[in-house]
Each structure stands twice: as structure tokens, then as C-alpha cells.
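**Q**
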Amino acid sequence: GQFPPDVTQPAQYGPGVKALAVYLQTYQHLPFERTQEYFRDVHQLSLSEGTLATAQVVCAERLAPVEQAIRTGVIQAEVAHFDETGLRVERKTHWLHVASTAQLTFYALQPKRGGPAMDAIGILPVFRGIAVHDALGGYFPYPCGHSLCNAHLLRDLTAVSELTRQHWPAGVTALLLKIKT
150 GQFPPDVTQP AQYGPGVKAL AVYLQTYQHL PFERTQEYFR DVHQLSLSEG
200 TLATAQVVCA ERLAPVEQAI RTGVIQAEVA HFDETGLRVE RKTHWLHVAS
250 TAQLTFYALQ PKRGGPAMDA IGILPVFRGI AVHDALGGYF PYPCGHSLCN
300 AHLLRDLTAV SELTRQHWPA GVTALLLKIK T
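According to the numbering used here, the stretch in the sequence shown is residues 150 to 330, in order.
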């Protein structure tokens, strides 16, 4: 018999194996070593780090049009939520930025948190809807509407209540929750 034309190496893995490897690493957050251990123990397959890394690169390339469609959808939304959280990448602090609607979520990893990162991501500079965010100063220069995130406001009210032992934050919290309902 003849091998299919896409079989070009002595050892190759099909799309199911590659998809599972990418899923385990990107969704389940397994490192290379544990992903390799899983395939060795469960499927008796010996995948190299290079195979795993290449599968991720190919997947990212194939998803580029989907990523662009999500970015475009968020840009065109009437209301979108924006936030960022710190995380460690190669022992350095980076920021995972998110821009989302009820149906779409766009993630972007950046080494910075403020305006330069938001400019590089490319959503806020052209977004004209209402941006819901945590009042980080970097959001306000963008020419869109601005609204403060209730989850952040509720967290701030809890902190004020705990720090000052005043009672008014509880009343404002109850009002915000009633308005949300």
C-alpha cells in the first residue's frame, strides 16, 4: 500500500493525537513533561517536546482567522468588558488581558499592563461602544464610553467596610445588587 501524501516522516501522529496534546497543554495546563507522561502511560506513545510544541504552533496558525473574527466581534460590540491579570511567564510578570462580550472572549498576553499593551492588542483604540472596566487609568484615554465593573465596585465596597467598619458600604452594596437584579 501507499502512505497518504501528508505522511512524510517515519513517525507521525494524526490530528486526533495532536488535538488532544494541544487541549491538554492549553486548556488543562499540563506542562510538556506531564503531557508526555500521559501519552506514554495511557496511549503508549512517545511524543517529543518538539512534536508538542509544533502541534501548538500549527493549531495557533490555523486558529488565526477565528482569533481575528473574535477581535472584530468585540470591536463591533455595543458593550464589552475589559480586564487584565498578572501571571508569570518564564519567571517574569506578564499581563493576560481580556476583552469580552456575552458571546465572545478575546485573550492577549502582554509584558505590560497599561496603554502600550492595550494599543498593541488593537481593540480599545478602535472600540466605540461602552467599555466596562475596573477604572484602571489606562482605559480612560480611549474614545469610547466607560462604565465601571460592578464586581470591582462590590469588592472595593467590601474593602472599605472591612477597613473602616462603617455601615454605608453595605447599603451601597445592597443597592448595586438590587439594580443588577
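Glycine residues also receive a C-beta, built at the ideal position from the N, C-alpha and C atoms.
The structure displayed is predicted, hence computed values, not measured ones.
Using CA coordinates, which residue listed in 197, 295 and 229 is at the minimum distance from residue 161?
**A** 197
**Q** So, under 8 Å CB-CB, residue 267 and residue 273 are touching, yes? Tell me the CB distance rounded to an integer number of Å.
**A** 5 Å
**Q** Identify the continuous beta strand (DSSP E) that holds residue 187 and give its terminal residues.
**A** It is not in any beta strand (DSSP E) - residue 187 instead sits in the alpha helix (DSSP H) that spans 181-192.
**Q** Under 8 Å, do residue 293 and residue 280 count as touching if we go by C-beta distance?
**A** yes
**Q** Return the residue from the list 182, 174 and 278 that minimises the CA-CA distance to residue 209.
**A** Per the C-alpha coordinates, the member of 182, 174 and 278 positioned closest to residue 209 is 174.
**Q** Under the rule that 16 or more other beta-carbon atoms within 10 Å means buried, what is residue 226, buried or exposed?
**A** buried
**Q** Pick from 326, 297, 212 and 309: whose alpha carbon is nearest that of residue 231?
**A** 297
**Q** Grab the span of the beta strand (DSSP E) containing residue 306 for me, first residue to last.
**A** Careful: residue 306 lies outside any beta strand (DSSP E), inside the alpha helix (DSSP H) at 299-313.
**Q** With DSSP collapsed to three states, give me the class of residue 212.
**A** helix
**Q** Going by DSSP, which residues form a beta bridge with residue 232?
**A** 247
**Q** In the structure shown, what three-state DSSP assignment does residue 172 receive?
**A** helix
**Q** On the three-state DSSP scale, how would you describe residue 275?
**A** DSSP, read as helix, strand or coil, puts residue 275 in coil.
**Q** Mark residue 318 as exposed unless 16 or more other C-beta atoms lie within 10 angstroms of its C-beta, in which case mark it buried.
**A** buried
**Q** Is residue 250 closer than 8 Å to residue 222 when the C-beta atoms are compared?
**A** In this structure, residue 222 sits near residue 250, with a CB-CB distance shorter than 8 Å.
**Q** So the candidates are 185, 242, 214 and 255; which of them puts its Cα closest to the Cα of residue 229?
**A** 255
**Q** Residue 239: buried (16+ other C-beta within 10 angstroms of its C-beta) or exposed?
**A** Per the 10 Å Cβ criterion, exposed.
**Q** Which first and last residues belong to the alpha helix (DSSP H) in which residue 145 is found?
**A** The question about residue 145 has no answer, for the chain in this structure spans 150 to 330.
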